[in-house]
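Following: one structure in structure tokens, then a few remarks.
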Amino acid sequence: MVADVAGIVASLVVLTVAGDQFVIGLARSAAALNARPIVVGALVGGFGTSLPELLVAAVATAERKPEIAVGNLVGSNIANVCVGLGLAAMVAPVRVESRTLRREAPLCVAAVVLLAVTAVGGFARVEGFLLLAALVAAVAALFVNARRGTMRDELAIEAKEFFDLPARRLPRVEIVRTALGMGLMVGAAEVLVRSAAGLAGRLGLAESFVGLTLVAVGTSAPLIASAIQAARRGDYDLVVGNVLGSNLFISLAGGAIVGLIPGGSVPGIGPAPLWLMIGVMAATWAFMGRGGRVSRAEAALLIVAYGAALPFASR
1208 MVADVAGIVA SLVVLTVAGD QFVIGLARSA AALNARPIVV GALVGGFGTS
1258 LPELLVAAVA TAERKPEIAV GNLVGSNIAN VCVGLGLAAM VAPVRVESRT
1308 LRREAPLCVA AVVLLAVTAV GGFARVEGFL LLAALVAAVA ALFVNARRGT
1358 MRDELAIEAK EFFDLPARRL PRVEIVRTAL GMGLMVGAAE VLVRSAAGLA
1408 GRLGLAESFV GLTLVAVGTS APLIASAIQA ARRGDYDLVV GNVLGSNLFI
1458 SLAGGAIVGL IPGGSVPGIG PAPLWLMIGV MAATWAFMGR GGRVSRAEAA
1508 LLIVAYGAAL PFASR
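Our numbering applies: residue 1208 is where the sequence shown begins, and numbers increase by one.
Below you can see the structure in the form of structure tokens.
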């Protein structure tokens, strides 16, 4: 058991550090290649921050540990909102001043609901293709809405300032940073899945519970850290954009990965965590829509709800 715990701790540390460096390298590389600001924002807020969850889902499914894969997707969606956004709003009330709320929140809530619906009966190729098609449609909608919006997109500007994105030729160090971050995350994901499965077996815990809790919080750590840092700097659109974008990719891309990787049908998950996932997303959308912000009181409610509901997450 000691070896499993050590493997989990070490892999989570590597995932956090490597994930942070990967996102920085990816964003700077995209900017140096003259990518549009909204593309940089999407890479940071969506794909980059959700990559640890996507890698764990792929590795767990390939290694016939689908309960960890699905549990991690659902648990990370919950942790991103309750812990990531919650702690960021405790640092400073998170205001949303751009079109991020109108552009991404409805798509994110719809993606989470679709993941919950498909997860009830278990994932197969049909569900995988459905989620993949929804991902393509959602990303296309985001880019179309962004191009129709104002020239000054606060989310994209904050992403550029946050990562100190260069306006010069692509430096080699960013290529190395991105490639090395990706490689380390792949290795850490494999160690994490094997160690989590081993610990679950030794303690008599369901693999889905370990995925929902320990693995989910670990893979959400890079987003949680960046959300807190962004809130301290007053980059509120970046905080919300990262959380919503990450959950959209986790729900649609992660679910598609689980459904499409060979290995047969993936069993469903209990209703309690699915209702919790939908509930916290709906509540957050309501908080932001009520006044364009998430207050400290609302953030505390999200954090308390997470802690109170976690013991029942496997039911």
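Idealized CB from N, CA, C, for every residue including glycine.
Per-residue DSSP class, three states only, for residue i
{"i": "residue 1303", "result": "coil"}
{"i": "residue 1379", "result": "helix"}
{"i": "residue 1439", "result": "helix"}
{"i": "residue 1271", "result": "coil"}
{"i": "residue 1357", "result": "Note on residue 1357: pLDDT 49, under 50, position unreliable in the model; the coordinate value appears next. Residue 1357: coil per DSSP, three-state reduction."}
Same chain, Cβ closer than 8 Å to residue i, neighbours up to 5 away in sequence not counted
{"i": "residue 1302", "result": "1443, 1499, 1500"}
{"i": "residue 1358", "result": "In this predicted model, residue 1358 has a pLDDT of only 42, less than 50, meaning its place in the structure is not dependable enough to derive any value."}
{"i": "residue 1476", "result": "1274, 1277, 1278, 1281, 1326, 1327, 1415"}
{"i": "residue 1343", "result": "none"}
{"i": "residue 1336", "result": "1463, 1466, 1467"}
Environment of residue i [buried if 16+ CB atoms lie within 10 Å]
{"i": "residue 1208", "result": "exposed"}
{"i": "residue 1384", "result": "buried"}
{"i": "residue 1511", "result": "exposed"}
{"i": "residue 1505", "result": "buried"}
{"i": "residue 1478", "result": "exposed"}
{"i": "residue 1441", "result": "exposed"}
{"i": "residue 1518", "result": "exposed"}
{"i": "residue 1410", "result": "exposed"}
{"i": "residue 1271", "result": "exposed"}
{"i": "residue 1456", "result": "buried"}
{"i": "residue 1291", "result": "buried"}
{"i": "residue 1347", "result": "exposed"}
{"i": "residue 1266", "result": "buried"}
{"i": "residue 1235", "result": "buried"}
{"i": "residue 1514", "result": "exposed"}
{"i": "residue 1345", "result": "buried"}
{"i": "residue 1417", "result": "buried"}
{"i": "residue 1422", "result": "buried"}
{"i": "residue 1340", "result": "exposed"}
Sequence-distant residues of the same chain with beta carbon closer than 7 Å to residue i, five excluded per side
{"i": "residue 1298", "result": "1435, 1438, 1439"}
{"i": "residue 1389", "result": "1229"}
{"i": "residue 1494", "result": "1501, 1505"}
{"i": "residue 1489", "result": "1316"}
{"i": "residue 1300", "result": "1500, 1501, 1502, 1503"}
Distance CB(residue i)-CB(residue j) smaller than 9 Å
{"i": "residue 1459", "j": "residue 1318", "result": "yes"}
{"i": "residue 1452", "j": "residue 1311", "result": "yes"}
{"i": "residue 1226", "j": "residue 1392", "result": "yes"}
{"i": "residue 1261", "j": "residue 1229", "result": "no"}
{"i": "residue 1338", "j": "residue 1322", "result": "yes"}
{"i": "residue 1288", "j": "residue 1420", "result": "no"}
{"i": "residue 1398", "j": "residue 1221", "result": "yes"}
{"i": "residue 1232", "j": "residue 1407", "result": "no"}
{"i": "residue 1430", "j": "residue 1450", "result": "yes"}
{"i": "residue 1295", "j": "residue 1446", "result": "yes"}
{"i": "residue 1516", "j": "residue 1483", "result": "yes"}
{"i": "residue 1509", "j": "residue 1293", "result": "yes"}
{"i": "residue 1351", "j": "residue 1485", "result": "no"}
Residues near residue i in its chain [Cβ-Cβ closer than 6 Å; skip 5 each side]
{"i": "residue 1263", "result": "1279, 1396, 1426"}
{"i": "residue 1524", "result": "Residue 1524 lies beyond the residue range present for the chain, which begins at 1208 and ends at 1522; the question has no answer from this structure."}
{"i": "residue 1380", "result": "none"}
{"i": "residue 1283", "result": "1260, 1423, 1426, 1427, 1457"}
Residue i Cβ short of 8 Å to the ligand NAP heavy atom set
{"i": "residue 1407", "result": "This structure lacks the ligand NAP; in fact it carries no ligand of any kind."}
Neighbour flag for residue i against chain D, beta carbons, 9 Å
{"i": "residue 1449", "result": "Considering every chain present, this structure includes no chain D. It has just one protein chain."}
Touching by the beta-carbon criterion (3+ pairs, under 8 Å), the segment 1211-1227 and the segment 1384-1403: yes
On the three-pair Cβ rule with 8 Å, is the segment 1279-1287 touching the segment 1416-1432? yes
Using 8 Å as the threshold, is the segment 1330-1342 in touch with the segment 1451-1467, meaning 3 or more CB pairs across them? yes
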